[in-house]
Structure formats: structure tokens, C-alpha cells
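Student: Before I ask anything, let me first share the structure, which is written out below as C-alpha cells.
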Amino acid sequence: MSLHVPTMAEMMAAGKTPEVLFWVGCSGSFDERAKKITKALVKILNKTGVDFAVLGAEESCTGDPAKRAGNEFTFQMQAMMNIQVLNGYEVKKIVTACPHCFNTLKNEYPELGGDYEVIHHTQLIQELINQGKLALKDGATFKGKKITFHDPCYLGRANDVFEAPRSLIESLDAELVEMKRCKTKGLCCGAGGAQMFKEAEKGDKEINIERTEEALETNAEIIATGCPFCNTMMTDGVKNFEKENEIQVLDVAELIANAADL
Amino acid sequence: MISIIAFVVLLFVGFGFFGWNVFKVRSNILLGRDINRSDNKSQRWKIMTLVALGQKKMFTRPIPALLHLIIYAAFVITQIELIEIIIDGLTGSHRFFHESLGGFYTFMIGFIEVLSLLALVATFVFLVRRNLIYIPRFRMKEMNGWPKMDGNIILFMEIILVLCIFTMNGSDEARTVAQGGSSYGFVLSSRIAPLFQGLNVETLHTLERIGWWGHIFMVFAFMNYLPYSKHFHIFLAFPTTFYSNLWPKGRFNNMESVTNEVKLMMDPSADPFAAPPEGAPEPQRFGAKDVQDLTWKNLLDSYTCTECGRCTSSCPANMTGKLLSPRKIMMDTRDRLEEVGTNIRKHGKEFEDGKSLLGDYITEEELWACTSCNACVQECPVNIDPLSIIVDLRRFLVMEESKVPTELTGMLTNIENNGAPWQFSPADRLNWANEE
């Protein structure tokens, strides 16, 4: 199935305004692993007929890592350029698969003139399932499988989204098993606050190893998450324990796309 | 008469010295930058009621929460008895409310006695937890020395206070009975009284006075110890929770000074050489180097921190052996603020001691270990926000000093040049849509 990915520019040229903008983000656009998540989400959007578009080459980093690193200048330059583009297309609603983009767009753009309804992709997918627009295949792929969910900090603690990804996992007929630290007490994967782009400071352990150990303790076959950075960190963690053949690290969108046979 | 005069002096010195110290703490806190936290009053009252008064966030760890609640309840309820002690002290009366309140008086004092006994037990358990059992958050290196002693001093003071209450009530009961009067009937002291059997009335009276004076003296000693101690949280937890951050935790504040500059940069008609308008405030430094660059809320937080270490024990950087400890960030902020405040009072507002919070107290390595995950903010039972201090210190490092870890310099350059933290061409952003 080929993907149908209209851009805002194409839509505008055709005199159309899509309902929702899919903010792909830098990981979702460039990272080999994260691109698969992007495509899984697009398959869901295509299947359910969501009227969406992307910015394509007009999209630029939200500025999140710059802001967390303390460089407010770079952040605000990025934010203001993006806001000009978004407001130019009269964007009202944004969906994104990256909690860092989600947090920045939702919480930090309004003060700079960018006011949008911003939702995480797990929230959108939940909505689609609730509306009956997306049916999961019978005898689903994940029936009875143990799946644990790793809360991305910028989705959970930072923005109180805990239930949408969990209810999606439960809709798979899978067994959702929680880690020792979960929801508000969830442990970071180690990539937030611009750590993704640097070596960790000196210590006796990597944070993603600590987190992966917790995930392994649950005996889950799948570690689900909702963030491209968490995905990288957990995938590396699983490899570190040489468990990559037994345990998969998947985004919730991939689980759903899989279960819906997309 | 002499005892009344002595009491009045104690009252004046006790409240006066406390007032002076509170004034000093307040003026230290007001050295911080302004931040508006006066919105949403009703929501703020609600948070304060739940979190400070109701100790809602304590109950994620039930055992210490229960022990803490007992001491807290005993502390609050005992204040009622203090009213009588002050009246007795000023008028020379003995148990001023005994006659007029009757059975209710017996009940209240008995209730205070039961709570005091429970508090005594809780205090012992706390001493054991701090000194005998190995609880990691009490043994971290920032707790060595004074902080550890501070915790123990408070617990010992509480023990003395409770012992005074029982000496006072027990000997008073024994004296009344020995003089042929009827028992007060307080639930615990009537059972303690037999311990004092055989002592003459004179001795019993002296013991009762020792208990009474010891109690009121400890109350004032305790109160005046607070401004020097982590224990100040018993008062400051209220304003700290009232002025909580109401935004989603992921939202970092917008730096308006930067917004103005960025707008200027993006406005083609702006005159880059224009003089600032008449009366414009002096430009502030970007981010924070020292305590005065933080907000008054950050500084209030630092005085409120009771060093429980829940933040540090949940910090992913700390638990994997990195130098960062959110508790230490708060303790350093308070220690430096005390130093700056003292300097200003001694040498005037312009005095520079050549030191700063960043560098002399908090190192770059600590700051760069933070993942901004908000676990510390979530854990704090009184809504203290160590993360906002970390971020402001980072901002100073990056924007004023250009001290950025090498890899992050690359990331920032990439964002500026390519619109992504990695070196990809913006033109390739949509390539994924056509890849298999």
C-alpha cells in the first residue's frame, strides 16, 4: 500500500484546508527507526480517512532540544519561524508522534503567538477507535502477549497523558504489565533535556540500562512506547542485554497498525 | 510576680528574635527576580489546602507519611494548650480554662496527651530511621555534617518537649491528689502520677514548674531554631504550595528579554543601533549565575526544602551515579542565599564577594546531568521545583558564557543551519514518504 502524504502547500494550491496537521518532527523525518513509526501512523490516518497534511520541507525543528539545553535564542528563532509558517496555513489542530514536539507546540508556542490544539498520536488513535473508524483484526496479533508501556516523561509527567497509550494496548487484547516505576513515577529513558545529543555525564550506569532492567523484570515480550527518543534508548538497552531477538521495542502506533493489518 | 516578669521577658525575646529572623529570611527571598504567581487564587487555595494542610503528596510513601502525620497533628493540636500556658504565664493563674471548660477541658488535655505520646513514638522511629537503619536518601553525601545534625536536633527537641508535657501534667496530678484534691482525670497523666508517689507537695510543685517552664521555653527555642533549620518547612510549606507552578510540568518559562531581541532580529525595519527608550530597565543577565538571578519563588523553595531527599531518590541521573542531586541544588541555593544576605547586611547592597551559586556551589557537571524529566518536581511533597533552577543556571552557561558541551554545540549548529538537530538537508524532510 503506498502512502498518501499530502503537503500543506499542495492542499493550499488546491484550495483545501486539512483538518489536522501531522507534525512529523526531526526524528520522524530523518531517523531510520522513527521513520517506521511515522509510516505506521500515516497508514492509520490513510485507512481512517483523516483529512491531514504535513509541512514537508517547510517543517523545522520545534527548538525543544535548544530550549532544554538552555539556548533560548535558538529556541525562539525556531519557534517564531515555525509559527509564521503554521499561522500562514491557518493551522488549528496538530497531531504529532513526538512528545517533545507535542510539549513544545502545546505549551511553549502560545506565548510566542502560536495557539493550536495539539494532540499526541496515541490520543488521536484512541479517538479513531472510539469512533469506530478503526477496527482491529479478530484473533489479533497480540492476543495474550505481555506488553509493558514505558511512559515518555514529556507525555506523562509533563502533560498528564497516561491513559491513551494504555487503553490502546488494552484494545489489542494484550496483557498490559506495568513496570515498578510507571505513570507519574515513571523513570526517564535518559534522553530528555537534550541528553539525546550528548554523552551522559560520568556515573556508574547508563539510565537506559536501569530502565531496561525494569522492563525486563516484567517479562514482557514487547516494550511499547510513544516517543522516538525513548524508542532509541530502550532499543539500545535491550541490545545491551542481548535480548533483541526475544523482546521488541515498538511504538503504540506500530502495534495498532499491525493489529489492524495495515 | 517575678515569674510573670520572667515570662513577659521570655515572650518578648522569643517573639522578637523570631520576628527579626523572619524579616531577614523574607528580605533574602525578595532579593530574587519577580515572577507573577498571583493568578488563579481559588486554585491556589485548593492546592495549598490539599498539599500543605492535607499532606496529599506525602502519602505516596505511606509509612513515613503516617508517622509524619502524627507529629504534625500533635504539633497543631498542642498549640491550643499553648494559649492556656500563655494566659497562665501572664496572669499567674493555674490552668486558666480548667474550671470554665469542665469536661471539655479534660477531654482536650487528654487528647493532647495521647497525641504527644504517639508523637514521641513517631519521633523515636524517625531517629531510628535516620541513624540506625540504612535509608539511602538520608545517607547521601550532601547530608554529611550539619544537615544530619539538624535533623537529629529537631527530633531531640521534640522529645524534650513531650517529656516536659508529661512531667508537668504528671506531677501536677500527683500534687493535686497528695493535697487531697480530686484527680484532673487526664487520660495519660493520671496513669503517670503514681510514678511521683512519695514525693512531698513542695517537690511535686517544683517538678510541675520545671515541666511548665521547660515546655514553654522549648516552644520558644524550637520556634527560634526554625529559621536556621530545614525545619522551617512547617510554616513555609504553605506559601510554597500556594505559589506553586500551575502550568503543565513540561512547560518552561518564556524568556521575554530574548523574545524582544529575536523579534528585533526578525523585523527587517528594526534599527539595530537604536538607543534603548528613555527609562528602560537595565538589561538583566540571561539565565542565572547567582541567587539574585533566580526568582523569589526559587528562593522561597530553598528555605522550604526540608531535605527529605525524595527528589534525589527519584532522580534518574542520581540513581545511576551522576553528580546531580536535586536536593543539593536546593540546599546550595539556600546556603548561598544566606551568605549573600549576610554580606548585604554587613557591607551594603553593592558588595561582591567574588563567589556565585554557579561554580562555587553548583558545578557544570551537575547541571549537564539533568534529563529534565520532572521526577524531582513530581516527588516533592511541597511542590518545590528544582528543575527551574537547573534550567536557569544552564541558560546562563549557554547564553552568557557559551559553555556548552561539545556535542550540544554541534546539535545547536545543526538546528540553526539545517532546522534539525542532525546534519540532514531540510529538503529531504519528506523523503520517508517515498521510501519503502
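Protein sequence lines correspond, in order, to chains A and B. Start counting the first sequence at 59; every next residue gets the next number (our numbering). Start counting the second sequence at 35; every next residue gets the next number (our numbering). Every residue gets a Cβ at the ideal spot worked out from N, C-alpha and C, and that includes glycine.
1) Does DSSP classify ILE305 of chain A as helix, strand or coil?
2) Looking at C-beta atoms only, is the number of pairs between the region 240-259 of chain B and the region 198-213 of chain B that lie closer than 8 Å three or more?
3) Between LEU154 of chain B and GLU192 of chain B, what straight-line distance do the alpha-carbon atoms span, to the nearest angstrom?
4) Checking 8 Å against the spacing of the C-beta atoms, do LEU103 of chain A and MET66 of chain A come in under that value?
5) Quick one: residues in its chain with C-beta nearer than 7 Å to the C-beta of LYS195 of chain A, no 5 flanking neighbours on either side, listed in chain order?
6) Quick check on ARG173 of chain B: buried or exposed, where buried means 16 or more other Cβ atoms within 10 Å of its Cβ?
7) In angstroms with no decimal places, state the Cα-to-Cα distance between TRP54 of chain B and THR376 of chain B.
8) Report back the beta-carbon spacing between CYS339 of chain B and ARG368 of chain B to the nearest angstrom; my notes put them in contact at under 8 Å.
9) Using CA atoms only, rank isn't needed, just tell me which of B:ASP394, B:THR440, B:LEU358 is closest to LEU401 of chain B.
10) At what residues does the beta strand (DSSP E) containing LEU79 of chain A begin and finish?
11) How many Å lie between ASN258 of chain B and GLY48 of chain B at the Cα?
12) Say whether chain C places a C-beta atom closer than 8 Å to the C-beta of PRO123 of chain A.
13) Applying a beta-carbon distance threshold of less than 9 Å, which residues of chain A neighbour PRO460 of chain B?
14) Quick one: is GLN321 of chain A buried, meaning 16 or more other Cβ sit within 10 Å of its Cβ, or exposed?
15) Quick check: the region 260-276 of chain A against the region 221-241 of chain A, are at least 3 beta-carbon pairs closer than 8 Å?
16) Per DSSP, what kind of secondary structure is ILE281 of chain A in: helix, strand or coil?
17) In chain order, what are the residue ranges of uninterrupted alpha helix (DSSP H) at least 4 long that sit wholly in the region 352-403 of chain B?
18) Just tell me which of A:ILE267, A:ALA249, A:GLY250, A:GLU312 has its CA closest to the CA of LYS301 of chain A.
19) Answer yes or no: does any C-beta atom of chain B fall closer than 8 Å to that of ASP294 of chain A?
20) Quick check on LEU234 of chain A: does DSSP put it in helix, strand or coil?
21) In chain B, which residues lie with their C-beta within 9 Å of the C-beta of VAL63 of chain A?
22) Looking at the strands, I want to know which residues DSSP matches up with ARG67 of chain B.
23) Please state if the CB of LEU213 of chain A and the CB of HIS178 of chain A are separated by a distance shorter than 8 Å.
24) Could you name the residues of chain B that GLY146 of chain A contacts, counting a contact when the two beta carbons are closer than 7 Å?
25) Between THR106 of chain A and LEU230 of chain A, how many whole angstroms is the CB-CB distance? I'm expecting something under 8 Å.
26) Between the region 317-337 of chain B and the region 132-142 of chain B, are three or more C-beta pairs nearer than 8 Å?
27) Evaluate contact between the region 248-256 of chain B and the region 116-133 of chain B, counting only Cβ atoms and requiring at least three cross-stretch pairs below 8 Å.
28) When the cut-off is 8 Å and only beta carbons count, does PRO455 of chain B lie next to chain A?
29) Can you find a CB in chain A that lies within less than 8 Å of the CB of ASN408 of chain B?
30) How many Å lie between ALA322 of chain B and LEU195 of chain B at the Cα?
31) Using a Cβ-Cβ cutoff of less than 8 Å, which residues in the same chain neighbour HIS102 of chain B once the five nearest sequence positions on both sides are dropped?
32) By the criterion of Cβ-Cβ separation under 7 Å, what are the contact partners of MET138 of chain A in chain B?
33) For ILE449 of chain B versus ALA249 of chain A, is the C-beta distance shorter than 8 Å?
34) Any chance the region 142-151 of chain A sits against the region 76-88 of chain A, with 3 or more Cβ pairs inside 8 Å?
35) Just verifying my parser: in three-state terms, what is the DSSP assignment at ILE169 of chain B?
36) In the DSSP output, what is PHE207 of chain A paired with across the bridge?
Tutor: Per the coordinate set shown:
1) coil
2) yes
3) 8 Å
4) no
5) ALA317, ALA318, ASP319
6) exposed
7) 14 Å
8) 7 Å
9) B:LEU358
10) 78-81
11) 7 Å
12) Reference to chain C is not applicable here, since the protein chains of this structure are A and B.
13) ALA115, GLU116, GLU117, SER118
14) Any answer about residue 321 of chain A is impossible in this case: the structure gives chain A only from 59 up to 320.
15) yes
16) strand
17) 360-381, 398-402
18) A:ILE267
19) no
20) strand
21) LEU464, TRP466, ALA467, ASN468
22) B:THR329
23) yes
24) The premise fails here: GLY146 of chain A is roughly 14 Å from chain B at the closest Cβ pair, so nothing lies under 7 Å.
25) Not quite, the Cβ-Cβ distance comes to about 17 Å (not below 8 Å), so this is no contact.
26) no
27) yes
28) yes
29) yes
30) 42 Å
31) GLN89, MET92, ALA156
32) VAL296, MET300
33) no
34) yes
35) coil
36) A:ALA282
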